[in-house]
Structure formats: C-alpha cells, structure tokens
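Heads up: the protein sequence lines correspond to chains Z and A, in order.
Residue numbers 469 to 803, in my numbering, belong to the letters of the first sequence in order.
Residue numbers 469 to 803, in my numbering, belong to the letters of the second sequence in order.
Since the structure comes first, as structure tokens, the remarks are kept for the end.
Number of protein chains: 2
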Amino acid sequence: MVRVVQYGIGPIGLEVVRVLLSKQSTGEVKLVGIVDVDPQKIGRDVGELLSTGTTGVVVSGDADACLAEHRPDVVIHSTSSFIDVVGDQLLQCVDAGSHVISSTEELSFPDGQSDGFVARLDKACKDNGVVVLGTGVNPGYAMDALAVMATAPCTRVDSIQVERAVDAGRRRGPLQRKIGAGLTPAQFAEKKATGRFGHIGLMQSLRLVADALGFEPEQMSETLEPAIADRQIRTDFVTVDEGAVAGIHQVAVAKAGGRARIRLELKMAVGVSPSIDRVVVEGDPPIDLRIEGGIFGDTATVGALVNAIPNVMSAEPGFKRVIDLPVGRAFAALR
Amino acid sequence: MVRVVQYGIGPIGLEVVRVLLSKQSTGEVKLVGIVDVDPQKIGRDVGELLSTGTTGVVVSGDADACLAEHRPDVVIHSTSSFIDVVGDQLLQCVDAGSHVISSTEELSFPDGQSDGFVARLDKACKDNGVVVLGTGVNPGYAMDALAVMATAPCTRVDSIQVERAVDAGRRRGPLQRKIGAGLTPAQFAEKKATGRFGHIGLMQSLRLVADALGFEPEQMSETLEPAIADRQIRTDFVTVDEGAVAGIHQVAVAKAGGRARIRLELKMAVGVSPSIDRVVVEGDPPIDLRIEGGIFGDTATVGALVNAIPNVMSAEPGFKRVIDLPVGRAFAALR
C-alpha cells in the first residue's frame, strides 16, 4: 500500500485528495497527510473542505512536521507553475525520503535557467533513493506524451502537429480567469507583458516531443494571442462581451531546415466548440489521432498525477520527465 | 550505433530491412546481417530482393554462424506467430548475447502453457544481460498499448472498448489469405477448427490491457466468425464473391461482475470501410480516441519493431512485454 501526502490543496490538490480517498478501498493507496499554507484550511479535517464525512486527515501548515510524522512513500505536489517558487518544497520532500509527483508545469521539462537547480534536485533524489517527476495533463500528456506515443508505429516522421481546443467555459473558475476570459484586449496585453501569463508549459511540451524523438530543432518559438469573443458568452464564473477576450490562442513551433517540424497549437477559451485533442503525424504510416470532445483537463490533471504513482515507485532514483518513464496508465481504477 | 541482424525476411522482415537501410544515414543504426531459411534467398545480397542497389549484406542460412560473425546488439525476429515454433530461435539469439525484438504474436503475452519456456528464456536473458521483447502493431500497440495509454488521465475506469477495423484489401497478399478472404463459409469453419487460424494475438492484447491496469478478470473469452461479403469484391490478390468470406470478425472480452469490462473487436476483411482504430474508455474523464483511417498495419508492424530498439537497449535484462517498457516512439525518424 502506497502512503501519500498531498502538498497543496488548491482546486487540483483538493480533487487529488478526493480521488485518493475514493481509491483507498482498493487497499493500494492511503492518504496519510495534507500540507497547505492557507490559514482557512490549516487544522481542518479535509472531509469538511470536500463536504464529505470526517476523514481523520487534518490539513497541516507545517510541511516538515507532516513529512516527518507520516514519512509518505509519495508526495503529490501542486502549489505553483514555477520552479523558482517550488524548488525548496521539492527538496524538502526529497530530503524527507519521499518520491514527488509535481504538477509544476516548468518542471515537466526544465529549461537551461534551471540547470543548477535540476542538478541539485537530481543529486538529492539519488542521495535519498527517490524520484521527482513533473507531470499533469498539459504539460505531461495531451500535447506531448500522447504525441510521442502516436509515433510508435511510424518508420518515418516528417512533421507532428498537435492541437488542443478547450472550451474553458466547462472548466473551473480559476482557469477561466487564468486565461484572461472577460479582459479587454489592452488588459490582456498588459498581463502578457508580465511573462507569467497564458498557458505555462507549451514550450516544455515542445521540448518533450523534440527530445523524445531525438530531434534537435534549429529554432523554437512561441506566440500568445488573445482569442476574441465573436458574441457575448456567459459562464458560471464570468461574462465575456463581444470583442472582449475569451481566452488564449498559443502556438509553439520547432523548426529545422526552415520548416515547422513540430507545431503545438492550444486554444483555450470560453465558447470554443468542439473541444478536441488531435495529433497529426505526417510520415509513414501517417497518423491522424483524435480525442473527440477533448480530454477534460480538471479531472485529467488529477488522473495524470495519481496514475504516476506506480511509475515513480518503480523507477531508478533521480529527476525524471514523463518521456523517461513507462507508458502511463490508470492506477487502481478498474476494479 | 546499434548493430542489427534481421532474422526472417518474409514480407515483414524484408520491410524491416528496407527501413533499417533507410535509417543508416542517421548513423544511429546499421544492418549487419540477415538470416532466413529460404534457399531462394540464401546467399543473395538483400538489395536484389528489395530491387534496390547492392547493399553488401548477404542472406545467411546459418543463424549461429551469422550471429557469431556479426555479434549484433539487436536481432529483429519475424518468422512465426507461435512460441513453439520460435523458441529455439529466440534462445539462439539470446545465447549469442543479442537483444531480441520479436513479432511472434504469442510472445507479446505468453499464456500459461508457455510458463516453462518463458522462465527459461527470462533466465537466459538475465544470464546474457539482454532483453527479449514481443511486440508489433497488433498485438503490441493498436489494441493494447494504445488502449492502456488512453487511460493515463483517468481517475476511474468503468470499461474499455477497443475497435480495429481494417480494409484488408489495402494490405499485403499473405494477410488477405491469412484472414480467409475468398473462402466459402464451410472452408472457413474447417480452418477455424485447426485453432491456428484468424488473428493471432487478440487474447494477448486482452491480457496486456488487463494486466497493465491491475485488473483480474473473472472470465475471458474469444469468438471468431467470418465476415461475409455483401457484394463481389476484387483486390490485387483475390476475388471474393457475394456470400463468400471477406475476412474475420473476432472479439475478445474480459468480464467481472457479469459485465464486459474490456472488449476488443477486430474486423479485418476486404471491403471494410472506413478503416479505423478506436479506444473508448468509460470513466472519469471519459476518453473517445480515434485514429481516423486506421493505423496501416504493414508499415506499422515494421515501425513498432524498429522503434523498440532504444527501449530494449536501455531496459533491465529479462523477458519483457510492451507494457513493461517506456512509451514507444519513432526511432531515428524525425531528422
């Protein structure tokens, strides 16, 4: 039985807790502790926060104490998108001897700026005999691992195009705000200028695909534009007027020989229809893979995190990316 | 650079050779030898058989001599669907210190009858520090690994349905004969009674999916029926009259609690339209994955075999199934 601590119970972490609790009856996994910084949550039984019955698992504000008390096999970590924010948290878990599965988008394929930290993290993993993995549904699956897997039968690959269209109106409120739904185009431009706006992880997905295929691009680039509403759109969380920002339209491209060889296109906006995930491989054989209706991200992120448990438990110690580990699969899910 | 011997140059093996030769310019792989039993092929430069220029690689009729001379890193093996036919060939390669990637369908998930052989093979692998993998497009990908991968974002799986519809009229001649195209229903029944007719590997795919998900079915069963032509169908290789057999319709089911939890359905017949691969996961989130036009099997089998090279090279020694190794991906294919 795998003993798990959930680190961070924002919308994703709280759903991880719900899923872990639902799987406890299989005897394969047990939620032993929860860490969060929110004073409104600390000290409360997580069952209250989930509006279910009492669970006996109380939210701790002291990560070190929680890790020392429960000595979890695995920490599922979901606190921030950025390595510089989560670095100490990850090291804390590793030093406590726990594997870590983190939703930190930048961690799915750290860029050169993080080389020093990643080397330190990798060494700490090896010293403690544990694995740290950055994953989730995007980055981690929909626009990278799935695309890589789509090439498994190909003898030749000329190009790969990945498209993910998400009707954000069906997603959680924070996500709708995160993509700028309801902003004016000028407000969108201001947010974009901060460099910490839009979907975090598209360049990581691009690098995951390129690296998995042993492809060294001559050039990689990313663009971010607002998706503009062509009519008024209302969701449970926001009203977007015609001409206002409905969400994001983000494209990342890896080129060689002047040609786009890998192209990832993400449309995430309220009112997008239909939602779809698509991977088109030009090559031999050609592959036209579609997930009709798309992969529903809120649940899928939770699934991707929880389903990584067996993979981190059986991998060699060190820092890993999703493309370094076996095929992902549902864990304790078909019973 | 990975040095490869191709063992068996029927239609699939010959295409493996063609693909390996095409990848030699990447410097990642080199075809160093070929083994076959056909007196018409032995002693000839494989370039003659491919109708390309001279390659310098001559077909050998003596596997031991070929392996001893070239000491390949990897043998790609495609001679028969059945473990009892290929057992000695596999051990021969392993004893020569080579990894083996085999298209032997039964090997993708050996059943209980082969326990003794598999234990011996696994021990030989470990003694020699090599890996033996049974793979291909089906079994090995389309109806198993792809289905497993489809569950990676799922927090709950209620059932999995896999459908593969193949217009065999577009496939190679031996495959059209293998599925009985042109037979009368009575001839089909006779062939079926031999127990070595139809698609070999559907039960293996069923076990791969169940095992990967940690699911222990209460019951597993398989049916094989003829697909009957509703009109006359002509291909380059066969003419099928109305009412004659166009191919196979094969279904494998794993049940628990009286319900089909995993269902694999294969239609492989001349005149099937459209070709498609589909994986439907009922669960949370639900997944409706389609490969429009299907995965073209003749090329894809070759791709699956060649693309397994990096995976067997980096795995721990032993006998492996596709679900034991990292995500498949195109090898030396995007350059």
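C-beta: ideal position from N, C-alpha, C; glycine also.
Can you confirm whether Cys622/Z, when its beta carbon is compared against all beta carbons of chain A, has any partner nearer than 8 angstroms? yes
For Leu559/A, the nearest candidate out of Gly597/A, Thr523/A, Gln581/A, Ala798/A (CA to CA): Gly597/A
Which class does Lys509/Z belong to by DSSP, given the choice of helix, strand or coil? coil
In whole angstroms, what is the alpha-carbon distance linking Leu482/A and Ile668/Z? Approximately 45 angstroms between the Cα atoms of the pair.
Taking 8 angstroms as the CB-CB limit, is Ile551/Z close to chain A? Ile551/Z does not count as touching chain A.
Please report the residue range of the beta strand (DSSP E) in which His567/A lies. For His567/A, the uninterrupted beta strand (DSSP E) segment begins and ends at 567–570.
Proximity to Leu732/A [Cα-Cα], best of Val721/A, Val738/A, Gly725/A: Val721/A
Can we say the region 583–594 of chain A touches the region 619–626 of chain A, given the rule of at least three CB pairs closer than 8 angstroms? no
Counterpart residues of Glu574/A in DSSP-defined beta bridges: Glu574/A pairs with nothing; no bridge assigned.
Name the chain A residues that come within less than 7 angstroms of Ala680/Z, Cβ to Cβ? In chain order: Arg797.
Look at the alpha carbon of Glu693/Z and the alpha carbon of Pro754/A, and state the distance between them as a whole number of angstroms. Each residue's alpha carbon lies about 30 angstroms from the other.
For the region 753–768 of chain A, enumerate the residues whose C-beta is nearer than 8 angstroms to any C-beta of chain Z, in chain order. Pro753, Pro754, Ile755, Asp756, Leu757, Arg758, Ile759, Glu760, Gly761, Ile763, Phe764, Thr767, Ala768
Starting from the beta carbon of Tyr609/A, find every residue of chain Z whose beta carbon is closer than 7 angstroms, and list them in chain order. Ala620, Pro621
Does Pro778/A come out as helix, strand or coil in the three-state DSSP assignment? helix
Go ahead and pull the three-state DSSP assignment for Phe799/Z. coil
8 angstroms CB neighbourhood of Leu651/Z in its chain, flanking five on each side removed: Lys659, Pro694, Ala712, Val713
Kindly indicate if chain Z contains any beta-carbon less than 8 angstroms away from that of Gly597/A. Cβ-Cβ to chain Z under 8 angstroms: no for Gly597/A.
Could you tell me which of Cys561/Z, Ile791/Z, Val527/Z sits nearest to Ile542/Z, measuring between CA atoms? The sequence shown places Val at residue 542/Z, not Ile. Closest by alpha carbon: Cys561/Z.
Run down chain A in chain order and give the residues with a C-beta less than 9 angstroms from the C-beta of Leu793/Z. Pro794, Val795
Nearest neighbour of Ile544/Z, chosen from Val747/Z, Val472/Z, Val795/Z, Ala610/Z [CA to CA]: When only C-alpha atoms are compared, the closest one is Val472/Z.
C-alpha gap between Glu516/A and Thr522/A, whole angstroms: 7 angstroms
Interface flag, Ala633/A vs chain Z, CB-CB below 8 angstroms: For Ala633/A, the answer is no, since every Cβ of chain Z falls outside 8 angstroms of its Cβ.
Take every Cβ of the region 523–543 of chain A, pair it with every Cβ of the region 559–578 of chain A, and state whether three or more of those distances are shorter than 8 angstroms. yes
Starting from Arg731/Z, trace the alpha helix (DSSP H) in both directions and tell me its first and last residue. Element bounds for Arg731/Z: not the alpha helix (DSSP H) but the beta strand (DSSP E), 727–737.
Is it the case that the Cβ atoms of Gly771/A and Val634/A are separated by a distance below 8 angstroms? no
Residue ranges of each beta strand (DSSP E) run of no fewer than 3 residues wholly in the region 504–561 of chain A, ordered along the chain? 542–545
Is the Cβ-Cβ distance between Leu757/A and Ile759/Z less than 8 angstroms? yes
Give me the Cα-Cα distance between Ile477/A and Val625/A, rounded to the nearest whole angstrom. Taking the straight line from one Cα to the other gives about 41 angstroms.
Sheet register partners of Thr462/A (DSSP bridge): Outside the modelled stretch of chain A, which goes from 469 to 803, sits residue 462/A, for which no answer is possible.
How would you list, in chain order, the residues of chain Z whose beta-carbon sits under 8 angstroms from the beta-carbon of Phe705/A? Chain Z residues near Phe705/A: none, gap ~20 angstroms exceeds 8 angstroms.
Could you name the residues that DSSP lists as bridge partners for Asp756/Z? Paired residues: Val748/Z.
So is Gln581/Z buried or exposed if we call it buried at 16+ other beta carbons inside 10 Å? Around the C-beta of Gln581/Z, fewer than 16 other C-beta atoms lie within 10 Å, and the residue is accordingly described as exposed.
Considering only DSSP beta bridges, list what Lys498/Z is partnered with. Residue pairing for Lys498/Z: DSSP places it in a beta bridge opposite Arg471/Z.
Consider the Cβ of Val770/Z: report whether some Cβ of chain A lies at a distance smaller than 8 angstroms. yes
Going by DSSP in three states, Asp635/A sits in which element: helix, strand or coil? strand
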